[in-house]
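The structure under discussion appears below in the form of structure tokens.
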Amino acid sequence: MKKFTRKKDFDAIVIGCSAGGMDALKHILSSLPINFPFPVIIVQHRHVDSDGYLAVILNDTCSIPVKEVEDKEPLRTGIVYLAPSNYHVLLEKNRHFALSIDEKVNYTRPSIDILFESAANVFQERLVGIILTGANHDGSQGLKRIQEQGGETIVQDPDTAEYNTMPLAALKTANVDHILGLQKISNFLNDLV
Amino acid sequence: MNEQTQDIEIDLLLEAMFRKYGYDFRNYARASIERRILHQLSKSGLSNISEMQGRLLADKEFFKRMLLDLSINVTEMFRDASFYVAFREKVVPYLRAHPFIRIWIAGCATGEEVYSMAIVLQEEGLFDQTRIYATDINEEVLQIAKEGVYSLENIQEYTLNYQKAGGQKAFSDYYTAHQDTAVITPSLKTHVVFASHNLVHDAKFNEMHLISCRNVMIYFNQTLKDRVLKLFHESLCPLGLLCLGSKESVQFSAYENQFDPLIKDEKIYKKKGF
Ligand SMILES: C[S@@+](CC[C@H](N)C(=O)[O-])C[C@H]1O[C@@H](n2cnc3c(N)ncnc32)[C@H](O)[C@@H]1O
Chain Z
3 MKKFTRKKDF DAIVIGCSAG GMDALKHILS SLPINFPFPV IIVQHRHVDS DGYLAVILND
63 TCSIPVKEVE DKEPLRTGIV YLAPSNYHVL LEKNRHFALS IDEKVNYTRP SIDILFESAA
123 NVFQERLVGI ILTGANHDGS QGLKRIQEQG GETIVQDPDT AEYNTMPLAA LKTANVDHIL
183 GLQKISNFLN DLV
Chain E
89 MNEQTQDIEI DLLLEAMFRK YGYDFRNYAR ASIERRILHQ LSKSGLSNIS EMQGRLLADK
149 EFFKRMLLDL SINVTEMFRD ASFYVAFREK VVPYLRAHPF IRIWIAGCAT GEEVYSMAIV
209 LQEEGLFDQT RIYATDINEE VLQIAKEGVY SLENIQEYTL NYQKAGGQKA FSDYYTAHQD
269 TAVITPSLKT HVVFASHNLV HDAKFNEMHL ISCRNVMIYF NQTLKDRVLK LFHESLCPLG
329 LLCLGSKESV QFSAYENQFD PLIKDEKIYK KKGF
């Protein structure tokens, strides 16, 4: 077992998901209290044209504000950030966002691996990485990187995931700390408050 | 490897590149540049960044490959359809007021954005009174831009983009298929000048009515972005327009107050009068 976790141990939460992610995200984000003391950064794969609507829907279902990332904006606590479609999201050491349109990684842009790897470099052990439902392998390498840097890693229990490919791939690649259903993931995050 | 050591190695590599070859990536967005360098390292078979530095100083071809890899040239025709819709509706009427229009597309990559804008201006009857200056740091992509020969594979996507962007004609009017390529129709090149220009240190070269610099400054850090916004500000005529990429803005920069949003959602700004 790993160290027990307290609020001050973390600076940010990153979440990656793909097919089926919308419902899973709604479940988790709607459970977060308005005073949630961390920034949450999400890559949800989606169609290039789906601009903006995901943020609007999620904003309607949860009490903390949800917005799409803008280039060079500073990371703030208590905000849920969504990767915009057709851009990769990276974090700078000064905790500002940096977008890129580099070629696709794992056939996708935004890529979960890119966000997770750069967040791991910035936050090291003060980061929670979560992989949810999805039908591809994106995110495994990134989760592994978070784990190597000493961060906390969570994978949605594949038996409960709408699509289990992504959770299974992550479990195969990284030696994760927790395998949890959606309710337990919500509980985990709420316990950090 | 120790994070700090790697940071030092990257600093030295960028310094070497600048002093030996004059290309200055020191104020590029660090997270991206670091990713590119590590990517290059894993392809090179060398064991660390310091070794890359040695190789770079000794081998110009190696530098050239690195340069290509560091300047991300990903682009497409009619990227962000809603931008071109807004351009037609709100920017074209503004441009119409000028008897002669000068447009600067900075960081034009392989030219797809240039020809997209040329198509809109031609359809709106403004192209003949326009001069487009299309610039990039990278000579190889400029060559492709000049030739205007693209892979036929992408044309289906571009046709869709064109229609969503408010295009009324058959997109096939704008190219001829030749084997597996699409050759841009020569009339779209008539008022375009392609030239090499480095935003890091090159100066203003004309007074512009509109500058489009989309998805270029995302690769710059705040210091360099401020410098480039200053250059754009100087290069624009009073009330001239600045178009940025859909997730960029003049916010978070020292020049925030020098521009007013014209179409906020599409990141089209107007230089303040006084
Ligand atoms: C991602 S592309 C953007 C292409 C196009 N504007 C678009 O939005 O699709 C970025 C371009 O900026 C160019 N670039 C990078 N640094 C530059 C510099 N210092 N000066 C001029 N161009 C630069 C690159 O060579 C590349 O072609």
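For the protein sequence lines, the chains are Z and E, in the order given.
For what it's worth, this note's numbering labels the leading residue of the first sequence as 3, then goes sequentially.
For what it's worth, this note's numbering labels the leading residue of the second sequence as 89, then goes sequentially.
Virtual Cβ for every residue (Gly too), placed ideally from N, Cα, C.
Proximity winner among the options, relative to residue i (alpha-carbon distances)
i      : options                        : result
E:V280 : E:E201, E:D261, E:L317         : E:E201
E:L158 : E:C325, E:N226, E:D353, E:Y250 : E:N226
E:S120 : Z:D73, Z:L173, Z:H49, Z:L194   : Z:D73
E:Y343 : E:C196, E:T247, E:Y357, E:I191 : E:Y357
Z:E105 : E:R124, E:V316, E:R302, E:L317 : E:R124
Z:G152 : Z:Q126, Z:N177, Z:L34, Z:N138  : Z:Q126
E:A117 : Z:I30, Z:L34, Z:L93, Z:N61     : Z:L93
E:S260 : E:F293, E:F308, E:T278, E:I207 : E:I207
E:Y172 : E:K252, E:T278, E:L102, E:H285 : E:K252
E:L329 : E:F150, E:Y182, E:E149, E:L156 : E:Y182
CB contact below 9 Å: residue i versus chain E
i      : result
Z:H47  : no
Z:D104 : yes
Z:P169 : no
Z:Y89  : yes
Z:I116 : yes
Z:D73  : yes
Z:P67  : no
Z:E70  : yes
Z:R128 : no
Z:E150 : no
Z:P112 : no
Z:H98  : yes
Residue i burial status per 10 Å Cβ neighbour count (16 or more: buried)
i      : result
E:Q141 : buried
E:I306 : buried
E:R167 : buried
Z:V195 : exposed
E:E241 : exposed
E:F293 : exposed
E:Y262 : buried
Z:I114 : buried
E:I96  : exposed
Below-9 Å beta-carbon distance, residue i vs any chain Z residue
i      : result
E:G195 : no
E:F347 : no
E:E336 : yes
E:F171 : no
E:V162 : yes
E:M140 : no
E:S120 : yes
E:S341 : yes
E:G333 : yes
Element boundaries [beta strand (DSSP E), containing residue i]
i      : result
Z:T209 : Lying outside 3 to 195, the shown extent of chain Z, residue 209 of chain Z is not represented and no answer is given.
E:Y357 : 356-359
E:D224 : 218-224
E:K234 : Where E:K234 is concerned, there is no enclosing beta strand (DSSP E), although the alpha helix (DSSP H) it sits in stretches over 227-235.
Z:L92  : 90-93
E:L298 : 296-301
Z:Y55  : That residue, Z:Y55, is in no beta strand (DSSP E); its alpha helix (DSSP H) goes 55-63.
Start and end residues, alpha helix (DSSP H) containing residue i
i      : result
Z:K186 : 184-193
Z:Q149 : 142-150
E:A174 : 169-174
Z:I114 : 114-125
Z:I30  : 23-31
E:L334 : Strictly speaking, residue 334 of chain E in this sequence is Ser, with Leu absent from that position. Neither: E:S334 is in no alpha helix (DSSP H) and is coded neither H nor E.
E:R184 : 180-184
Z:T135 : That residue, Z:T135, is in no alpha helix (DSSP H); it is neither H nor E in DSSP.
E:A206 : 200-211
Given 8 Å, three or more beta-carbon pairs between the stretch 256-271 of chain E and the stretch 144-163 of chain E: no
Given 8 Å, three or more beta-carbon pairs between the stretch 145-152 of chain Z and the stretch 118-132 of chain Z: yes
Touching by the beta-carbon criterion (3+ pairs, under 8 Å), the stretch 11-19 of chain Z and the stretch 33-45 of chain Z: yes
Stretch pair the stretch 324-334 of chain E + the stretch 209-225 of chain E: three plus CB contacts closer than 8 Å: no
The stretch 284-304 of chain E contacting the stretch 186-206 of chain E, beta-carbon criterion three pairs below 8 Å: yes
Stretch pair the stretch 302-321 of chain E + the stretch 231-249 of chain E: three plus CB contacts closer than 8 Å: no
Cβ pair count under 8 Å reaching 3, the stretch 109-116 of chain E against the stretch 170-180 of chain Z: no
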